[in-house]
Amino acid sequence: MEALPRRTALTSGGELEAIRARAAVELLDDFRTTPPRLDRHNSPDERFGAAL
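This is the structure in structure tokens:
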């Protein structure tokens, strides 16, 4: 059995750190712009607006 060839180019440590930094900024932006879900303790029917 032999290893499969790489599908992507090798990424240096500096490039990986830049990718991590960009991902962290995107996640923080998502947390800041997404309203909190306050319905986590409600029943599933109430969550989806179904009339009982």
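No gaps in the numbering here: position 25 of the sequence shown is 26 in our numbering, and each next residue is one more.
Heads up, the beta-carbon is just placed ideally off N, CA and C, and yes, glycines get one too.
Only a predicted model underlies this, so the values are computations on that prediction, with no experimental measurement involved.
Helix, strand or coil at residue i according to DSSP, with G and I counted as helix
i	result
residue 18	helix
residue 27	helix
residue 34	helix
Whole-angstrom distance between residue j and residue i, CA atom to CA atom
i	j	result
residue 18	residue 2	33 Å
residue 30	residue 4	39 Å
residue 33	residue 27	10 Å
residue 20	residue 7	19 Å
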